Amino acid sequence: MEQQQQQQQQQQLQHHHHPHDQQDQKERPAELSRGVSSTASSPTTSTIPKHLSHTAVNPAPINPANPVLRSIALSDAVTPGIHQHTYVSGDSSRAQSPSYFPRSDAAAEGPSYFSLSDRRRDPPSQSQSESQPQPPHSLPLSSQQQQQQHRYPQPPNSIDINSSSSKHLPQSPGPLTGRDILKRMTLAAMGRRESLSHIRAANPDLQLSGNIISATFNIPHSLKYRKGSDWELKPRRGQSALFDSFAYLSSDETPWNHTVVAWTGEIDTPKDVLSPPDTPPATTVHFSSLNTLSAPIPIDGDARLPTPPPSEGLWLPREDQARLEAQLAHSKTIKTVPVWLCDDNEQQEEGILLKDQSRWRRYAEHDLYTLFHYKQHEPTDGRKERLQWADYYRMNQKFANRIIELYKPGDIVVVHDYYLMLLPSMLRQRVPNMNISFFLHSPFPSSEFLRCLPRRKEVLEGVLGSNLVGFQSYSYSRHFSSCCTRVLGFPSDSGGVDAYGARVQVGVFPIGINADKCEMYAWTDAVTEKYDALKKLYAGKKIIVGRDRLDSVRGVAQKLQAFERFLEMYPDWREKVVLIQVTSPTSIEEEKDDDPESRIATRVNELVMRINGMYGSLGFSPVQHYPQYLSQDEYFALLRAADIGLITSVRDGMNTTSMEYVICQREGHGPLILSEFSGTAGSLKDAIHINPWDLSGVAVEINNALTMSPEKRMAMQTSLYNHVTTRNVQSWIDHFVRKHVHVLGTQKNAHATPLLDRALMLKTYRDAGKRLFMFDYDGTLTPIVREPSAAVPSERVLQTLKALASDERNAVWIISGRDQEFLQQHLGHIPGIGFSAEHGSFMKNPGSDEWVNLADEFDMGWQAEVMTVFQSFTDRVPGSFVERKRCALTWHYRLADPEQGMHMARECHKELQATVAQKWDVEVMEGKANLEVRPTFINKGEIAKRLVHTYNSAPASEKHPGRVEFVLCLGDDFTDEDMFRALNGLSGNEVDNEHIFTVTVGASTKVTLARWHLLEPEDVVECVALLVGVGLGGESSEHFGQVNLAALSTVEGHIPDSEK
């Protein structure tokens, strides 16, 4: 029995990711060679073993007023108490890649060293210590070491989720034994399995298939390619909470069949990269991924992070692609289907050519990530952005294509994070009844910031293709709903957004961590050994721990400034508290343009040197800064040894370090100080919340945490611990899926109209021989205005219509409620356009000067009675007026008080229905701020059917005989629904159903018969411009805008050279 329990425990631990990089939103390939330069200092003066190489940091400016600093600087050429540790990349043996903490050891008279990147080292013997000379604080670097000092270190004991070494972990000591944890995991899993089974049984009408497809940007592995052999797969750094949720969904603990669809990420390759057949050999390709381990953190702040080298690309034969797909499909933990990102002209029968792979992430990381974290770039001319947006659009489209290949009716599709914000809408375009949810793992900004994004509408509309949208905190969900109202004009509340005839639910789902695995790892023998070493090293001192990415949103500079303020305000704590700050590199794409990484690194190191110079001594430095990755054992040991966890993020989504700290403090009860701007702050309510910009306030809370009574610390820790262990990543994904199913059950009859697929429209248009266009006027070609006579077409509308009508294959009609005089005055000069006025009462064929009255034989005696009713309401509603047409009467209240106008319109409608409509064959139509009465037999739908029949019956003598092969019909109000109804009812013998594009325009919440939607008249004009090749300025020779370029590049398969 005991053996079976141990085997179960080992299986639970087999696929755990690196926890110390869980808060990193972007991944780094773990297999690259690394080195580091880090700033650290020794708390005691010591003899340094010969095999250690210490090098000096660039000296800080000498303060003449401080004779101690001046004398040390002149003699040793270093800032006191600050040491730089050099690491050699390559082999991870002890002698080459340690990061050492000097420590005291009871077993040796001399000092010894605790390694941050290797297992605990044995202390040097006494004889060795005595025989070694006393070196200065730093020794000169060799030339090789100087070349390598700016490299980032590779943790030599990184845990591979598939390695056998991770399967033999001892049971956890302390209040919770391994058996206790396994029992808790088993009971929790049984509860989860039962609840999910009930979800499926409770919703038989949904016909759920039992399949979940998770779409995320990167696969859970970093890849290394070797031609003709199996791919080397290693666990990808970062997002381990998300990947743990994938592993859970894929396990036997849930009833779901789970598949992950994700991009391969940048592929690491050997130097003998093959080029495609009949091409020159390609240069070596290795494009660093988002958080590359080869990126240095410059101590002096002058060096830049390396950028990917130019390359012709990586050539992948089809058999090697298939080999990787088979490896991923047969994974024991997570079944993954890769998305191959390349241009269409880079695909051949023999294989594909992967060029400049980092381009697929540039828009998301440069524009979305920064803006979502409240950072703005300087304005540019937009040329680079339009190309990056095209790649972003095409990348989302390729994800959609891959998912459609896998999709079966009843599947649930869950889309993750800002890389794929267009994907929900693209899937909705292809499968209108697909079950789609979206979860954003980053913050979401307020509308004031989102308005700064040029493509704000497209991003919001992309997400609104979902049934359910989830966020980490309430403030993020509130910002999203507000943006939908302020930017798109959609009604919204705290529970969701009403968009295009459907309700998009918005919810808060704070993500957790895999608490059970974290707890098991935190009490392994290796961690305990390093924990004991740390406690001995800093005996008698309080340890404050921080672990952050080195970018502007993590608040490392604010943390150091607050710690400096703490030492200033509370001098009694000096030399009694040490801040151990570990930093890892940030993304490449975020820093390329203006190199914020160098500025941040410089600022951080200046603060470290200033604090250590002011409050440190030769034997002690209050700040220990380690810009490196920690191994898993080191990371957990540091969290266990800490007396305070200090997180000062100025903006972030989920912060896993805070949760892991809580787990590691189940016995130590160290307080957690957490920024109120962290997305986790709303969940960890019992933590000490601080404003990182209030330095004095943070300093006060540090002191409060250090002086807190044991009883209060225990109460705080108990509450936090219970929350973290129960609100784990498994409960998060369970809750999210259950909510998604609930939303589907309550809205199963709702029909959301998808955003118009411009790429599909363009392809169909190009393939068609004969095309028919039908446009409404007000609210479709021009915006709705308060004064109807002011709704004149813009110059861009006129140029676009002229270009459209100039193609002899296009039949262009304006079908409007306007009278003949208005249409003739503003559009009649464009040759080749036909008109239908007053909702179909009058028609004028293209090229003709004659208007045909279709209601000529109809009795118009009803108009006098209607006029009487309208006039009575006009007298009662200031600002309203009556428009008399040949075959219709319209009462407008656009200029009246909105509430009074709407109320009186309802009363007027009731009176007309009870009187005039009972005696005459007329209908009362509700438009936008108007009521119109017209003959029943005359409507836009009849005109639409007439036009299709007319053009289908064209004689063979015409240049383009045969059936209409493309129909685009656009309108914005209730009267246009007649056109949509008529066109939807056409048989396949008249026009193929997939060739008819009926599009409603405007932010209306009504249920429409149209198959597609556009937001505003500007979008209508842009869509037509895309078809006829008209650029931003109205000329065919000019470049397309960002949205049209994205659609064009999707159809072409690449960005045309003429658009670059």
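One point on numbering: in the UniProt record's numbering, the residue at position 523 of the sequence shown is 523, and numbering is uninterrupted.
Using N, Cα and C, we set each Cβ at its ideal position, and we do this for glycine too.
Since this is a predicted model, take the numbers as computed values, not measurements.
Quick one: residues in its chain with C-beta nearer than 6 angstroms to the C-beta of residue i, no 5 flanking neighbours on either side, listed in chain order?
i: E865; result: V916
i: M843; result: S836 and V852
i: E1052; result: none
i: residue 1085; result: Here the chain has residues from 1 to 1060 only, and residue 1085 is not among them.
i: S683; result: P510
i: R456; result: L450 and V487
Measuring alpha carbon to alpha carbon, tell me which of the options ends up nearest residue i.
i: T648; options: M867, H826 and E676; result: E676
i: E977; options: E965, V964, H1013 and H949; result: H1013
i: F509; options: D525, G470, E378 and F480; result: G470
i: R236; options: S658, D381, E808 and I267; result: I267
i: Y570; options: R651, R486 and S696; result: S696
i: G985; options: A944, G210 and D973; result: A944
i: A247; options: L460, I213 and E232; result: I213
i: L560; options: D516, Q624 and G501; result: Q624
i: S880; options: N952, Q900 and E606; result: Q900
i: D643; options: E667, V1021, G962 and E1059; result: E667
i: D516; options: I690, I663, N1044 and F444; result: I663
Check whether the Cβ atoms of residue i and residue j sit closer than 8 angstroms, and answer yes or no.
i: T264; j: I219; result: yes
i: E365; j: L422; result: no
i: S437; j: V414; result: yes
i: L970; j: V999; result: yes
i: D391; j: W340; result: no
i: Q558; j: V650; result: yes
i: S552; j: G679; result: no
i: R383; j: I404; result: no
i: I1055; j: H740; result: no
i: G512; j: W813; result: no
i: S719; j: D757; result: no
i: P935; j: V948; result: no
i: Y418; j: Y476; result: no
Between the alpha carbons of residue i and residue j, how many angstroms are there, rounded?
i: Q871; j: E883; result: 11 angstroms
i: M774; j: K928; result: 20 angstroms
i: A499; j: L464; result: 8 angstroms
i: L537; j: K530; result: 10 angstroms
i: C1023; j: A1047; result: 10 angstroms
i: A641; j: F566; result: 21 angstroms
i: I352; j: D320; result: 10 angstroms
i: S816; j: H479; result: 38 angstroms
i: T269; j: L646; result: 39 angstroms
i: G228; j: K398; result: 26 angstroms
i: G1041; j: P255; result: 46 angstroms
i: W693; j: L328; result: 45 angstroms
i: A30; j: S584; result: With a pLDDT of only 36 at A30, under 50, the local geometry of the prediction cannot be trusted, and the value read off the model is given with reservation. Those two C-alpha atoms are separated by around 13 angstroms.
With DSSP collapsed to three states, give me the class of residue i.
i: G496; result: strand
i: residue 1080; result: Outside the displayed span of the chain (1 to 1060) sits residue 1080, for which this structure offers no information.
i: L293; result: Its pLDDT being 31, under 50, L293 is placed unreliably by the model, and the measurement read from it follows with that caveat. Coil, per DSSP.
i: C1023; result: helix
i: H839; result: helix
i: D875; result: helix
i: Y407; result: coil
i: M774; result: strand
i: D548; result: strand
i: W732; result: helix
i: residue 1065; result: Past the boundaries of the shown model lies residue 1065; the chain is included only from 1 to 1060, so the question cannot be answered.
i: P846; result: coil
Can you give me the Cβ contacts of residue i inside the same chain, cut-off strictly under 8 angstroms, excluding the 5 residues immediately before and after it?
i: Q913; result: V924
i: H909; result: V924, E926 and L931
i: P622; result: F563, L567, R574, E575, V577, V578, L579, I611, N612, Y615 and G616
Compare the C-beta of residue i with all C-beta atoms of chain B and state if any pair is closer than 8 angstroms.
i: D320; result: Within the model displayed, chain B is absent; a lone protein chain is all it includes.
Using C-beta distances below 7 angstroms, list every residue in its chain close to residue i, excluding the 5 sequence neighbours before and after it, in chain order.
i: S142; result: Residue placement at S142 cannot be trusted, given a pLDDT of 35 that sits under 50; the coordinates are not used to answer.
i: M708; result: P671
i: D972; result: D776, G779, T780, T1000, V1001 and G1002
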